[in-house]
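Asker: Protein chains in written order, with our numbering: chain F, 1 to 277; chain Z, 278 to 554; chain W, 555 to 831; chain D, 832 to 1108.
4 protein chains.
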Amino acid sequence: MERKVLITDCADAQGLISKITGVCFNHQLNIIKNSEFVDNQQGRFFMRTELEGEFNDASIITDLNEVLPKTSHVKLVSLGTKKVVIMVTKEAHCLGDILMKAYYGGLDVEIAAIVGNYDNLKPLADKFDIPFHFISHQDLTRLEHEQKMNEVIETYAPDYLVLAKFMRILTPEFVAYYPNRIINIHHSFLPAFIGASPYRQAWERGVKIIGATAHFVNNCLDEGPIIKQDVIHVDHSYSAEDLAKNGRDVEKSVLSKALQLVLNEDVIVYGNKTVIF
Amino acid sequence: MERKVLITDCADAQGLISKITGVCFNHQLNIIKNSEFVDNQQGRFFMRTELEGEFNDASIITDLNEVLPKTSHVKLVSLGTKKVVIMVTKEAHCLGDILMKAYYGGLDVEIAAIVGNYDNLKPLADKFDIPFHFISHQDLTRLEHEQKMNEVIETYAPDYLVLAKFMRILTPEFVAYYPNRIINIHHSFLPAFIGASPYRQAWERGVKIIGATAHFVNNCLDEGPIIKQDVIHVDHSYSAEDLAKNGRDVEKSVLSKALQLVLNEDVIVYGNKTVIF
Amino acid sequence: MERKVLITDCADAQGLISKITGVCFNHQLNIIKNSEFVDNQQGRFFMRTELEGEFNDASIITDLNEVLPKTSHVKLVSLGTKKVVIMVTKEAHCLGDILMKAYYGGLDVEIAAIVGNYDNLKPLADKFDIPFHFISHQDLTRLEHEQKMNEVIETYAPDYLVLAKFMRILTPEFVAYYPNRIINIHHSFLPAFIGASPYRQAWERGVKIIGATAHFVNNCLDEGPIIKQDVIHVDHSYSAEDLAKNGRDVEKSVLSKALQLVLNEDVIVYGNKTVIF
Amino acid sequence: MERKVLITDCADAQGLISKITGVCFNHQLNIIKNSEFVDNQQGRFFMRTELEGEFNDASIITDLNEVLPKTSHVKLVSLGTKKVVIMVTKEAHCLGDILMKAYYGGLDVEIAAIVGNYDNLKPLADKFDIPFHFISHQDLTRLEHEQKMNEVIETYAPDYLVLAKFMRILTPEFVAYYPNRIINIHHSFLPAFIGASPYRQAWERGVKIIGATAHFVNNCLDEGPIIKQDVIHVDHSYSAEDLAKNGRDVEKSVLSKALQLVLNEDVIVYGNKTVIF
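#1: Tell me the DSSP secondary structure of Arg875/D in three-state form.
#2: Please state the DSSP three-state secondary structure of Gly1026/D.
#3: In whole angstroms, what separates the C-alpha of Val544/Z from that of His741/W?
#4: Anyone know if the C-beta pair for Thr625/W and Glu664/W falls short of 8 Å?
#5: Considering Ile20/F, what are the terminal residues of the alpha helix (DSSP H) in which it resides?
#6: Could you tell me the alpha carbon to alpha carbon distance between Asp222/F and Ala192/F, rounded to whole angstroms?
#7: How many whole angstroms separate the CB atoms of Ile781/W and Ala812/W, which I take to be in contact at a CB cut-off of 8 Å?
#8: Taking beta-carbon pairs under 7 Å, can you tell me which members of the segment 91-103 of chain F lie near chain D?
#9: What residue range is occupied by the uninterrupted beta strand (DSSP E) comprising Met918/D?
#10: Give the DSSP bridge partners of Arg280/Z, in chain order.
#11: Can Leu661/W and Lys655/W be called in contact, C-beta distance under 8 Å?
#12: Taking Thr313/Z as part of the beta strand (DSSP E), name the residues at either end of that continuous run.
#13: Report back the beta-carbon spacing between Leu161/F and Val84/F to the nearest angstrom; my notes put them in contact at under 8 Å.
#14: Given this structure, state the Cα-to-Cα distance separating Phe409/Z from Leu420/Z, to the nearest angstrom.
#15: Using a Cβ-Cβ cut-off of 8 Å, state whether Asn1095/D counts as contacting chain W.
#16: Using only the alpha-carbon positions, how far apart do Glu708/W and Ala565/W sit?
#17: Just the Cα atoms here: how many angstroms apart are Asp1061/D and Ser1084/D?
#18: Quick check on the burial criterion: 16 or more other C-beta atoms within 10 angstroms. Buried or exposed for Pro1003/D?
#19: Figure out for me which residue from Ser197/F, His73/F, Ile183/F, Leu140/F has the closest Cα to the Cα of Met87/F.
#20: Kindly identify the DSSP beta-bridge partner or partners of Ile185/F.
#21: So Tyr199/F and Ala244/F are in contact, right, with Cβ under 8 Å, and what is the actual spacing, rounded?
#22: In chain W, which residues lie with their C-beta within 9 Å of the C-beta of Phe1108/D?
#23: Cutting at 8 Å between CB atoms, please list the residues of its own chain near Ile863/D, excluding the five before and the five after it.
#24: Using a Cβ-Cβ distance cut-off of 8 Å, determine whether Ile471/Z contacts chain F.
#25: Is Thr625/W helix, strand or coil by DSSP?
#26: Using a 10 Å radius around the Cβ and a threshold of 16 neighbouring Cβ atoms, would you call Glu91/F buried or exposed?
#27: Find out if the Cβ-Cβ distance for the pair Ile337/Z, Val282/Z is shorter than 8 Å.
#28: Thinking C-alpha only, which one of Pro1056/D, Asn1049/D, Lys996/D, Thr852/D is nearest Ala1027/D?
#29: Would you say Gly320/Z and Phe25/F are within 8 Å of each other, going by their C-beta atoms?
#30: Counting along the chain, where does the beta strand (DSSP E) carrying Tyr160/F start and finish?
#31: Which residues of the segment 998-1013 of chain D have a Cβ closer than 8 Å to any Cβ of chain Z? Give them in chain order.
#32: Answer yes or no: the CB of Gln978/D versus the heavy atoms of the ligand NAP, is any distance below 7 Å?
#33: Just curious, the beta strand (DSSP E) that Phe686/W is in, first and last residue?
#34: Pop quiz: Asp286/Z and Tyr547/Z are said to be a contact at Cβ under 8 Å. What is the actual Cβ separation, rounded to whole angstroms?
#35: For Cys220/F and Asp57/F, I'd like the C-alpha separation in whole angstroms.
#36: Could you please tell me which residues of the segment 563-577 of chain W, in chain order, have their CB closer than 7 Å to any CB of chain D?
Structural data, given as structure tokens:
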């Protein structure tokens, strides 16, 4: 008995749930969990169906396409361990949390490699026997640097890239190579404090809450589809450094939770938004 | 075009979603929103289906019973305005919040009457032209008092009773009269601080969070199915009175949200728990 | 025995706490609560001292000025009931929460009057027997409208103006008339979604949290010193209207808490920030 | 220039702040931060004064004792790195979070050793080159086991013991050996779900929030002074295992924050409560 997730994303129409679950029933698949959402403004239907049984994928997809509207997107994926490459700069907290959860429970993920534009996190990677590739951006154009990194990344064929406080902006070329497959953590509750030094911006503005946002990376800086956000309360006594220090706990927690949602196939991207089941 | 909610609660089996939504499709009903949950340990299936169209209730129920397991509970209810009677003692905040939301948006509810065992909230009821029945418990046994109250309550035929800080314990007889139809707010995050003076208990214990719990009333004090809970952070500087004062905001917010869930047919009670869709 | 609050705001120096509390001791005042904060970057010292005893205000201030640096700001204020005028447009929830708390406990405040640029909240004001002044902005310039409102407001000599969802931008002239005495609630976690229709902006951006910000009004739209912020979690299923509906609870809670802090003399404004004791 | 914290805990009296800060001023110490609290019900005064300068500890204490009431407790401690021994059973998440923060920023602490009654966390300790002492409780009485552990622990002379999911009850004898120096994390928002299997208890009760509590250990199980608590929202779809899995993030976050407060001398224990500055 295998377990898979069926993701349906199509124009809304009457009878969709009945038709889709009917196909599952005909294939003698047991529905473990079913979640649906209709965006009434755009007339779009989304469904995540967690299934158990013996799967004949091609036949299921064929049967689904027969009952669904023309332009439907259907995806039938296994819930097994996914493979990621993590990209870092200098900060350890997000990487450390993912490592702990990958090795001691909490995230069903294989960390294939870590790529850093500085080398100071190599000892942490070594502790967990994960290949660490130090690829400095020094003396390279942005495209050259990305090309060097991608040559390494590609050899691991990752399902997702996780930017665990990777502090460089990616070019549209690189992003296009991994569409909706790059997960970033931004250290503010977007869209507040887009860009550099959000904690300093927050301190200067005198806010009483700070936060973190995990999102898919698209071509516009800090503007990709948001997966998860959380905040903490702060007060006047926090310096910009205190904000950064306390923000780290939110950053790592938000990134790990977003990664878990993505790995569990709970996330559908549409337009610049996400449906999270 | 009408809007109704179909609640299904039955033994789990293969094909249930397909069969139920198939019946809806055959009746040309549009599914606005569909939520399901399976309790795997107890093998129980729950579904809430929000429907739009022309309803032939009897025919729909008949068709559903044909495809569902023997002991299924099926409920098809309109999403129109429900009627409640509110019971109070002396505190105004929960009552005030419900009144404001009933009159200015936030709760789709008709407040048929208010029953108080003290009369100090009558002026508040008068402001909104709602009948206030002062029924003192003085010199009455618990059963006599309840009987007097229920004579009044019955005349309004309410869908639900809301205990908005009604500070007396109800007898099993009274509770049995309104099964899963009495909503109470308890001023602690249950099961902590069951019984009297939870804020004083919290202060004595030196807790760093306090909370509130909205639940259906059953025969065991403070042990009915929980609908909604929330908390706030407190510190050593709060006296027991400060805890009570700050707790009021959580109490009113939790009770109003629980009431909204119940009115919207988002709540299924099973055993001593709730499924909240 | 009276209770007053001494607010000290001056350049930082050694011995300030000792000197200030020494003056209080010499005047045989009992310190109920003492809170201090030093902004090390700006070398600025802030202290709030809650005192009990017999006060000779002039003599205390004289003694303090002798021991404090030259440019110190010292304020000795009673903790008695303050007077406010509330300004509204069409929405009732913030006004309703303040009314309930003013009349039934939670805010020690006298609501002298309500001024609205629409008249639909007059019935709510009437319920609590509070003068409601309907002053339409129709056919008036912004300055003319403000002048008409201020003629009324001035007659009440309020300590503070509370903008309880007053949806018009105030001119620098009006703001200058009430420096750090106008409290506004903005329906987003500032600085996200400055300006009009923040809930629609939030919906379009696909955020997973929404919030509210209470702040003093200054000349720059939505950029005054922040007093209080809070957020709630939302998801893809919320329409812009759902965001607005659910946001109302945060708005009213944040505004009431900010007002309570201000009334309790817990807030010091400096630059574009606040110290909240 | 050194930095130290002065903790004063004494009967309340007039002029205490002035007298204490006066002594600091006379010793030419700069007050970085001053926090005070008076428990009016018990007439008890608490103050935490963070100081910078050249310290003559004996002389300062002598001067303080001259101005303070007879039974005062005065403590002048350095803010330097503290030493802890961590005790564990099988779960890695709390230990991992403390390790990451001790090595990569967030906690100013020296982890002298880890003691486990199982050996499965030895590899994690090895990664960070920290001595791991596997001391099984098998075939030993509780007292014998504790004695064996304490023989090891004592050699490190730790400032605090941290129970990072150490799942055995400690005897009063052991606890008395480290008064207010043992920090435990309990996996519920105490006092709810005292004792074994709190997540299972929570699941059976059908609660909508779960939490974690960090507290000092005293003789009564789960009843010591609470340092920090936090919660997360859950729903009907969480199994007891899901509750445990999601609770781990709160447990580790609460324990780390409590430890940080203790290390920073922000915590005063009095009776069965804490004052947290």
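Think of the CB as a built atom: it goes at the ideal place given N, C-alpha and C, for glycine as much as any other residue.
All of these numbers come straight from a predicted model, not from anything done at the bench.
Answerer: Taking the structure as given:
#1: Here residue 875/D refers to the residue found at position 44 of the fourth sequence. Three-state result, Arg875/D: strand.
#2: Indexing the fourth sequence from 1 puts residue 1026/D at position 195. Three-state DSSP puts Gly1026/D in coil, outside helix and strand.
#3: Sequence index remark: in the second sequence, residue 544/Z carries index 267 (1-based). Sequence index remark: in the third sequence, residue 741/W carries index 187 (1-based). C-alpha separation (whole angstroms): 29 Å.
#4: Taking the third sequence and counting its residues from 1, one reaches residue 625/W at position 71. Taking the third sequence and counting its residues from 1, one reaches residue 664/W at position 110. Cβ distance not < 8 Å, so Thr625/W and Glu664/W don't count as in contact.
#5: What you label residue 20/F is simply residue 20 of the first sequence in a count that begins at 1. 16-26 is the extent of the alpha helix (DSSP H) around Ile20/F.
#6: Mapped onto the first sequence, residue 222/F falls at position 222. Mapped onto the first sequence, residue 192/F falls at position 192. So the alpha carbons of these two residues sit roughly 10 Å apart.
#7: Here residue 781/W refers to the residue found at position 227 of the third sequence. Here residue 812/W refers to the residue found at position 258 of the third sequence. Ile781/W to Ala812/W, Cβ: 4 Å. Contact.
#8: Ala92, His93, Gly96, Met100
#9: The count along the fourth sequence starts at 1 and reaches residue 918/D at position 87. Its beta strand (DSSP E) spans residues 913-919.
#10: Looking up residue 280/Z in the second sequence gives position 3. Paired residue(s): Glu329/Z.
#11: Within the third sequence, the letter at position 107 stands for residue 661/W. Within the third sequence, the letter at position 101 stands for residue 655/W. It is a contact, given that the beta carbons lie within the stated cut-off.
#12: If you number the second sequence from 1, residue 313/Z lands on position 36. Checking the sequence shown, residue 313/Z turns out to be Glu, not Thr. Looking at the DSSP string, the run of the beta strand (DSSP E) that includes Glu313/Z is 307-316.
#13: Here residue 161/F corresponds to residue number 161 of the first sequence, with the count starting at 1. Here residue 84/F corresponds to residue number 84 of the first sequence, with the count starting at 1. Confirmed, about 7 Å.
#14: Counting from 1 along the second sequence, the entry for residue 409/Z is found at position 132. Counting from 1 along the second sequence, the entry for residue 420/Z is found at position 143. Rounded to the nearest angstrom, the two C-alpha atoms are 21 Å apart.
#15: Here residue 1095/D corresponds to residue number 264 of the fourth sequence, with the count starting at 1. No, Asn1095/D does not count as interfacial toward chain W.
#16: What you label residue 708/W is simply residue 154 of the third sequence in a count that begins at 1. What you label residue 565/W is simply residue 11 of the third sequence in a count that begins at 1. Distance between the alpha carbons of Glu708/W and Ala565/W: 35 Å.
#17: Residue 1061/D sits at position 230 when you count from the first residue of the fourth sequence. Residue 1084/D sits at position 253 when you count from the first residue of the fourth sequence. Asp1061/D and Ser1084/D: Cα-Cα distance of roughly 9 Å.
#18: Start at 1 with the first residue of the fourth sequence, and residue 1003/D comes out as number 172. By the neighbour-count rule (16 or more Cβ atoms within 10 Å), Pro1003/D is not buried but exposed.
#19: Position 87 of the first sequence, counted from the first residue, corresponds to residue 87/F. Closest option to Met87/F, Cα to Cα, is Ile183/F.
#20: On the first sequence, position 185 is the one that residue 185/F refers to. Partner(s): Ala214/F.
#21: Position 199 of the first sequence, counted from the first residue, corresponds to residue 199/F. Position 244 of the first sequence, counted from the first residue, corresponds to residue 244/F. 4 Å between Cβ atoms; contact.
#22: One-based indexing of the fourth sequence puts residue 1108/D at position 277. Under the 9 Å cutoff, chain W gives no residues; its nearest Cβ is about 11 Å from Phe1108/D.
#23: Stepping through the fourth sequence from its first residue, residue 863/D is reached at position 32. Answer for Ile863/D: Arg834, Glu881, Leu882, Glu883, listed in chain order.
#24: In the second sequence, counting from the first residue as 1, residue 471/Z sits at position 194. Ile471/Z does not count as touching chain F.
#25: Against the third sequence, residue 625/W aligns to sequence position 71. Here Thr625/W sits in coil by DSSP.
#26: Sequence index remark: in the first sequence, residue 91/F carries index 91 (1-based). So Glu91/F counts as buried.
#27: Counting from 1 along the second sequence, the entry for residue 337/Z is found at position 60. Counting from 1 along the second sequence, the entry for residue 282/Z is found at position 5. Their beta carbons are not under 8 Å apart, which means Ile337/Z does not touch Val282/Z by this criterion.
#28: If you number the fourth sequence from 1, residue 1027/D lands on position 196. Per the Cα distances, Lys996/D.
#29: As a working mapping, residue 320/Z is identified with position 43 in the second sequence. As a working mapping, residue 25/F is identified with position 25 in the first sequence. No, Cβ-Cβ distance for Gly320/Z and Phe25/F is not below 8 Å.
#30: In the first sequence, residue 160/F corresponds to position 160, counting from 1. Segment 160-163, the beta strand (DSSP E) holding Tyr160/F.
#31: none
#32: What this structure holds is no ligand at all, so the ligand NAP is not there to describe.
#33: Counted from its first residue, the third sequence places residue 686/W at position 132. Its beta strand (DSSP E) spans residues 686-688.
#34: Sequence index remark: in the second sequence, residue 286/Z carries index 9 (1-based). Sequence index remark: in the second sequence, residue 547/Z carries index 270 (1-based). Yes, Asp286/Z and Tyr547/Z are in contact; Cβ-Cβ is about 7 Å, under 8 Å.
#35: Numbered from its first residue, the first sequence carries residue 220/F at position 220. Numbered from its first residue, the first sequence carries residue 57/F at position 57. Cα-Cα distance, rounded: 36 Å.
#36: Gln568, Gly569, Ile571, Ser572, Thr575, Gly576
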